[in-house]
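One gets our numbering by counting positions in the sequence shown from 1 and adding 4 to each.
Heads up, the beta-carbon is just placed ideally off N, CA and C, and yes, glycines get one too.
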Amino acid sequence: MIEGLERILLTEEQIDERIREVAAAVTERYRGRTLKLIGVLKGSVFFLTALARHIQVPVKIDFLGISSFGNRNGAPGLVRIARDLDDTIESEDVLLVEDIVDTGLTTRYLLQTLAGRGPHSLGIVTLLDRTCRRIVEVPVEFRCFEIDDRFVVGFGLDHKQLYRNLPYLAVLKPPV
Ligand code: PRP
5 MIEGLERILL TEEQIDERIR EVAAAVTERY RGRTLKLIGV LKGSVFFLTA LARHIQVPVK
65 IDFLGISSFG NRNGAPGLVR IARDLDDTIE SEDVLLVEDI VDTGLTTRYL LQTLAGRGPH
125 SLGIVTLLDR TCRRIVEVPV EFRCFEIDDR FVVGFGLDHK QLYRNLPYLA VLKPPV
């Protein structure tokens with residue numbers, strides 16, 4: 005086990021199998037259309053590329069970079085776009101790709117912002133959904149796994165920018 009990790013939560017094989025299932029559901033939903041996947045940097049990059057490889061409709065990709073910061077009381081949820089999309093999404097079928105939806109604040113902000121740009125449709129696909137930490141409701145259309153309240157790294161998710169490259173998802177050791 006790599007230093008700092010407690011145990012493996014989901015293996016590479018489990019993740020791959022589930023991503024194939026979700027990609028099949030996405031394919032079914034967007035059959036006959038061209039789909040634009042929008043990845044939220046940086047965590048979603050690994051999931052986006054894995055998912056896109058198994059989607060059977062024409063796919064375009066673009067990326068958004070965001071900065072999140074707490075307010076004066078230390079509460080989460082203030083988000084701004086630090087790196088915008090390269091292209092317009094007007095009249096396109098857009099699927100926002102996240103590695104994790106947690107409080108929902110980031111996703112809600114992004115949905116509101118992107119909805120204002122006139123897409124034909126706008127949905128969410130996430131690798132992990134941690135609904136126990138939700139503060140605002142967001143319509144997560146496709147999710148691979150629901151997880152409980154623990155710190156998970158790997159497959160794009162980091163701790164201090166490390167562990168993103170792990171091909172599996174692991175639980176981080178609690179701080180001593
Ligand atoms: C993660 C994730 C979402 C956000 C979800 O990003 O990719 O964008 O947090 O949290 P929320 O539901 O509580 O708003 P993070 O800030 O860790 O950036 P990263 O993808 O670069 O690691």
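- Could you tell me which of LEU132, ILE93, LEU68, SER71 sits nearest to VAL26, measuring between CA atoms? Considering only alpha carbons, the answer is LEU132.
- Query: Hey, quick one: how far does the alpha helix (DSSP H) through ARG50 stretch, first residue to last?
  - Reply: As written in the sequence, residue 50 is Phe, which differs from the Arg given in the question. If you look at PHE50, you'll find it in the alpha helix (DSSP H) that goes 49-56.
- Task: Kindly identify the DSSP beta-bridge partner or partners of PHE73.
- Result: Paired residues: LEU82.
- With ILE100 and LEU109 assumed to form a contact (beta carbons below 8 Å), what rounded beta-carbon distance in angstroms separates them? The sequence given here has Leu at residue 100, not Ile. At roughly 14 Å, the Cβ-Cβ gap does not stay under 8 Å, so LEU100 and LEU109 are not in contact.
- DSSP three-state call for VAL44: helix, strand or coil? DSSP places VAL44 in strand when its eight states are reduced to three.
- Message: Is any non-hydrogen atom of the ligand PRP found closer than 7 Å to the C-beta of ILE85, if you look at the structure I gave you?
- Response: Distance from the C-beta of ILE85 to the nearest heavy atom of the ligand PRP is not below 7 Å.
- Message: Which of the three DSSP states is assigned to ARG147 in this structure?
- Response: The answer is strand: DSSP assigns ARG147 an E or B state.
- If we count the other Cβ atoms within 10 Å of its Cβ and call it buried at 16 or more, is GLU96 buried or exposed? A residue is called buried once 16 or more other Cβ atoms fall within 10 Å of its Cβ, and GLU96 is buried on that count.
- Task: Starting from the Cα of THR117, find the closest Cα among LEU9, ILE6, PHE159, THR92 and give me that residue.
- Result: For THR117, the nearest C-alpha among the options comes from THR92.
- Item | Member of SER48, ILE59, THR15 whose CA lies at the smallest distance from the CA of ALA28 | Of SER48, ILE59, THR15, the residue nearest in Cα terms is ILE59.
- Message: Below 7 Å, is the gap between the Cβ of THR135 and the nearest heavy atom of the ligand PRP?
- Response: Checking the 7 Å criterion, the Cβ of THR135 is out of range of every heavy atom belonging to the ligand PRP.
- Output the boundary residues of the alpha helix (DSSP H) element that contains ASP103. Bounds of any alpha helix (DSSP H) do not take in ASP103; it lies within the beta strand (DSSP E) bounded by 97-105.
- State buried or exposed for LEU82, treating a residue as buried only when at least 16 other CB atoms are found within 10 Å of its CB. If you draw a 10 Å sphere on the C-beta of LEU82, you find fewer than 16 other C-beta atoms in it, and that means exposed.
- PRO123 versus VAL180: straight-line alpha-carbon distance, rounded: CA-CA distance, PRO123 to VAL180, rounds to 47 Å.
- Can at least three beta-carbon pairs, one atom from the segment 155-173 and one from the segment 7-15, be found at a separation below 8 Å? Look at the beta carbons and you see the segment 155-173 touching the segment 7-15: at least three pairs across the two are nearer than 8 Å.
- Item | Per DSSP, the bridge partner or partners of LYS64 | Answer is LYS40.
- Residue(s) in a DSSP beta bridge with LEU114: Paired residue(s): none; LEU114 is not in a bridge.
- Task: Measure from the alpha carbon of ARG35 to the alpha carbon of each residue in VAL61, ILE128, ARG134, then state which is nearest.
- Result: Checking every option, the nearest Cα to that of ARG35 belongs to VAL61.
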